[in-house]
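For reference, the structure is listed below as structure tokens.
Protein chains: 2
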Amino acid sequence: MVQERTAAVLPKKSENFSEWYTQVALRAELADYTPVRGSMAIRPYGYAIWEGIQSWLDRRFKETGHMNAYFPLLIPESFLKKEAEHVEGFAPQVAWVTHGGDEELSERLAVRPTSEAIILPMYAKWIQSYRDLPVLLLAWNNVVRWEKATRLFLRTAEFLWHEGHTAHRTMEDADAECRLILGIYQELLEQILAIPVLAGIKPPSERFAGAANTYTLEALMPDGQAIQAGTSHFLGQNFAKAFNVKFLDSDNQEKYIWSTSWAVSTRLIGSLIMAHGDDKGLILPPRIAPYEVVIVPILGRDDAKVLPAAKELAQHLGRRFRVKLDDRDAYTAGWKFNEWELRGAPVRLEIGPRDVANKQVVLSRRTGGAKQTVRIDGIEVTVGKILDEIQSELFERGRAYRDSHTTQAATVDELVRAIEQVQGFVKVGWCEMQSCEDTIRERTGASPRVIPLDEKASGKCVVCGMPAKAWVYYARAY
Amino acid sequence: MVQERTAAVLPKKSENFSEWYTQVALRAELADYTPVRGSMAIRPYGYAIWEGIQSWLDRRFKETGHMNAYFPLLIPESFLKKEAEHVEGFAPQVAWVTHGGDEELSERLAVRPTSEAIILPMYAKWIQSYRDLPVLLLAWNNVVRWEKATRLFLRTAEFLWHEGHTAHRTMEDADAECRLILGIYQELLEQILAIPVLAGIKPPSERFAGAANTYTLEALMPDGQAIQAGTSHFLGQNFAKAFNVKFLDSDNQEKYIWSTSWAVSTRLIGSLIMAHGDDKGLILPPRIAPYEVVIVPILGRDDAKVLPAAKELAQHLGRRFRVKLDDRDAYTAGWKFNEWELRGAPVRLEIGPRDVANKQVVLSRRTGGAKQTVRIDGIEVTVGKILDEIQSELFERGRAYRDSHTTQAATVDELVRAIEQVQGFVKVGWCEMQSCEDTIRERTGASPRVIPLDEKASGKCVVCGMPAKAWVYYARAY
């Protein structure tokens, strides 16, 4: 099966993006279909990428005073209904538990699509005084949203994420929390995953159900479609009022808390595949690759010399990098080269009998360029430098693509043409009327992705010609 | 609320063990009840203990070649039914999803009570050849088992665990895996959680539903009841046959794989509370305590001297230990002392103006003994030594208790008396007939907890007088 998996040629990324994506996810063994509708299995190599995202974020969240906790999977329907917009947004996607063993439940339970409706009631128990604030919790868990059409990682009935839920004394504190988190997400996307993003807020039509404001990061994928890469919701006092979460302030007044919620999910792995891969398969940025360096010994008559040298090299480099020594004897070196190209390892080192004799290895970069011979003495410096170069190269490629696929339009006709021809982000002025947004949606099939932060609007609304109150980036989207 | 929580006196552990347990779990803020029947919220301090268990185990699992993966939460009923004993064991406890949004499902889905029934079908896709074996995967996830009576951590409708699922070429390999995992669990229990355990196997009546053999660790709690602290199941080829998981061996024969599964859960936190706590609250073994050292500055007029010294101390000790500086100004030092005793921090350091002047601190051990003055110069050595002592002391206390509550019985009457009076483990010879086991269960209310590994039986069955084939430890159990 493994042999078949790599022997078959991948569809070309430029010709059939969608099929290329699915085949890379499957053949690189990131995920697989299961007998459960819309639910995937995340295989160890894919899960290792998720663990990399988790451990980086978890460290940053803890550094900024957040703590992990856990809340129930099953939420009584009456709780989900307490915030009106929230239930309206999520009810069509809820998987309902109606029976426990043989017993029919008196109230059905939602498998959580998100946890505001169970966390806020707990905050009502835990928060009494301004001294108890802020509450800065998050949970790493699974959620279910019943989806009609699903795609590996990008849209699945169940996915993994963290959901942050914080409670604050003032509106300003809650808003600052949203921006702090958006900054951490942007750092993850750009510095670790090497995916450039536009940061900003959503127009009201695209907000999280029940939020007063939604901060978002939007990335442009190589097919010209945008993908939401992380959101941070300013919930105002909407949920505090729905669940009656109050505190006694220092002025002896009872007040509602201000709350936020925020998340990134395993969907990021889908973005990672799309953003960087090529016709040979996956390309992983070094900072998130499960293995930054793969060592392939050239086996044969000289195993007794080559294998110990390869092991020593793996051990040496293993002190600084995540290293995989692929010493399986059931596969040829050539087969392994293809395998690790498919699986996107940033740097590959080959070591054969002649290399051992000359105290050198042959290094290949997954991003291309000629193979090069590298002396084993001091190799950790060379490898470190090359990994940094690959990391930057992937980010810069993404940024160049994004910039060359971002245009501005002054009329709806220009906007329609840009969406069709340039295939990317189109920036327009907007008067903030819903009707003008609706017109653009109908004409283009694109949606408003993001209103950039801290950028003053000027000029006119692209639809009605009234003074623009905001800039908006439109794109077709996942 | 915080004030009330610590002001009220705890029930005495020796007088009302059950209520003491619940109050400690709640007031130390490990967990709380939720509006969801039988489901608890795990609060940050309780979750930090779980993260300690996770990170220790995850490292050991990875060192021994295991990788993390993820499988669907929802399992179609037809899959759960494929292994007959398995479904019989779990069906009464299953929460069933019957609707997705407004749509009634054609087949209902079980919220996973355990994942053999979805993982084995995936193994059938992934395993083709002996070269693909062993498969050594585990998943950190949540499971639901619909329980009638629930208790925080010990028995909850939803709990967190990891489930390991491995596939092997031979029976011997699978059995060796079970023993390897049991050894890792025993190391966790004894070295990290400071809870002594008996290691062995379960009699057939107590096996995991569908297992050919269940390895177990059993700990004795201070109320004389045993608790299962970790299990590792040798599944033989039962699940391989039910789900048709075969591989082509090197002799060109198609064979069924041999599989195992194993788990420990958040239930361990319940054992930890019971095993070590006292009338003042929780006592945490240093190696698992979220904070090994809590520093309480004695605030007042001299804050300008004391606070910087306390911060410097926290920073210094923070390089070697998990340290919490409790510098909240809304609470008195005395209140904080009670708080951190309730929450079980192993070592507390007080630092006041005189201590700053004398370059010293006052150290208290949570396990008792007089306060002692410690010089700040070289304090990390003293603290390290004391933490090690506390770790050993807790384990030795537990072992002394267990040993003094373990007896042997030669007749059923002796066994009945021992269960009633000594309240602990009673070791008896057994002929391996189910009827003899049933007799003991009826007479004592105790169950057979564990058959010790590698200990040859001698003498007679305690019930029928036939030659004993095994030793069995009986106890009442959680």
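Chains as they are written, first to last, in this note's numbering: chain A, 1 to 478; chain B, 1001 to 1478. Yeah, the Cβ is synthetic: ideal placement off N, Cα and C, and Gly gets one too.
- Cβ neighbours of A/E29 within its own chain (closer than 6 Å, five residues either side excluded): R43 and Y45.
- By the Cβ criterion, the stretch 224-243 of chain A is in contact with the stretch 73-89 of chain A, since at least three pairs of Cβ atoms, one from each stretch, lie closer than 8 Å.
- Judged by their CB atoms, B/M1040 and B/T1231 are not nearer to each other than the 7 Å cut-off.
- B/P1467 is classed as exposed because its beta carbon has fewer than 16 other beta carbons within 10 Å across all chains shown.
- B/E1015 and B/P1222 have their C-alpha atoms roughly 12 Å apart.
- Around the C-beta of B/M1171, fewer than 16 other C-beta atoms lie within 10 Å, and the residue is accordingly described as exposed.
- In the DSSP assignment, B/M1122 falls outside any beta strand (DSSP E) and lies within the alpha helix (DSSP H) extending over E1116 to W1126.
- When the five nearest sequence neighbours on each side are left out, the beta carbons in the same chain lying within less than 6 Å of the beta carbon of B/L1363 are those of L1349, Q1372 and V1374, in order along the chain.
- Taking all protein chains shown into account, B/K1148 has fewer than 16 neighbouring C-beta atoms within 10 Å of its C-beta and is therefore exposed.
- Shown here, B/T1367 sits in coil according to DSSP, grouped into three states, outside any helix or strand.
- Chain B places a beta carbon closer than 7 Å to that of A/I42, counting this residue as a contact.
- Excluding residues up to 5 positions away in sequence, F247 and L248 lie with their Cβ nearer than 8 Å to the Cβ of A/Q128 in the same chain.
- DSSP places A/T214 in the strand class (E or B) of the three-state scheme.
- When the five nearest sequence neighbours on each side are left out, the beta carbons in the same chain lying within less than 7 Å of the beta carbon of A/D175 are those of F234, in order along the chain.
- It is roughly 14 Å from the alpha-carbon of A/R207 to the alpha-carbon of A/V87.
- In the DSSP assignment, A/N141 forms a beta bridge with A/W161.
- Bridge partners of B/M1171 according to DSSP: none are assigned.
- In this structure, B/I1075 places its C-beta atom within 7 Å of the C-beta atom of B/I1118.
- Cα atoms of B/G1334 and B/G1281: separation of roughly 16 Å, rounded to the nearest angstrom.
- Membership of B/Y1021 in the alpha helix (DSSP H) is indicated by the continuous run F1017 to R1027.
- Annotation: Cβ neighbours of A/F79 in chain B (cutoff 9 Å, chain order): P1035 and V1036.
- Annotated three-state conformation of A/L105 is strand, per DSSP.
- Less than 7 Å divides the Cβ of A/T406 from the Cβ of A/G424.
- Between the stretch 315-325 of chain A and the stretch 380-391 of chain A, the count of Cβ pairs shorter than 8 Å is three or higher; the stretches touch.
- Per DSSP, the unbroken beta strand (DSSP E) holding A/R449 starts and ends at S447 to P452.
- Residue nearest to B/E1455 within the set B/K1469, B/A1167 and B/T1444 is B/K1469 (criterion: CA-CA distance).
- M67, N68, A69, Y70, F71, P72, L73, L74, I75, P76 and F79: these are the residues of the stretch 55-81 of chain A whose beta carbon lies less than 8 Å from some beta carbon of chain B, given in chain order.
- A/F321 is bridged by DSSP to nothing; it lacks a bridge partner.
- When DSSP reads this structure, A/G281 sits in a beta bridge with A/D278.
- A Cβ-Cβ contact shorter than 7 Å links B/A1095 with A/V97.
- Taking 9 Å as the upper bound on Cβ-Cβ separation, chain B lies near residues R328, A330 and Y331 of the stretch 305-332 of chain A.
- Within chain A, the residues whose beta carbon sits less than 8 Å from that of B/S1039 are P72, L73 and L74, listed in sequence order.
- The beta carbon of B/A1124 does not come within 7 Å of any beta carbon belonging to chain A, so the residue lies off that interface.
- At a cut-off of 7 Å between beta-carbon atoms, B/R1476 makes no contact with chain A.
- For B/V1009, the three-state secondary structure derived from DSSP is coil.
- Distance check between B/T1411 and each of B/E1254, B/A1275 and B/T1444 places B/T1444 closest, using alpha-carbon atoms only.
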